[in-house]
Amino acid sequence: MKIEDYHRTIEAAKCAFYSKEWSSLFAKRRSELLKSYLHEPPISQCVQWIEDAKSNQLRRDGVRYARIQLSDK
């Protein structure tokens, strides 16, 4: 690998939630934290950025997820 390969620009960051955790994400407290709505399909809400503090709180609550950073190359 070239050194330039390590300096990629991050274009977007996405969060992928473990599918078994999806229903627990909509408990009253968590849905307020995420500001997500059951009336919209989940894919339309995936573009919403989740701040570090919010994602850390979800992790402390036991919700499993992965943050995926998409680079320009």
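My numbering puts the first residue of the sequence shown at 2, with every later residue one more than the last.
Yeah, the Cβ is synthetic: ideal placement off N, Cα and C, and Gly gets one too.
(request) Taking only the alpha-carbon atoms, compute the straight-line gap between residue 17 and residue 65 and give it to the nearest angstrom. (result) 9 Å
(message) Is it buried or exposed, residue 71, if we count other Cβ atoms within 10 angstroms and call 16 or more buried?
(response) Exposed is the call here.
(message) My output table needs one value for residue 68: the three-state DSSP class, helix, strand or coil.
(response) If DSSP states are grouped into helix, strand and coil, residue 68 belongs with the strands.
(request) Would you mind reading off the limits of the alpha helix (DSSP H) that contains residue 62? (result) Neither: residue 62 is in no alpha helix (DSSP H) and is coded neither H nor E.
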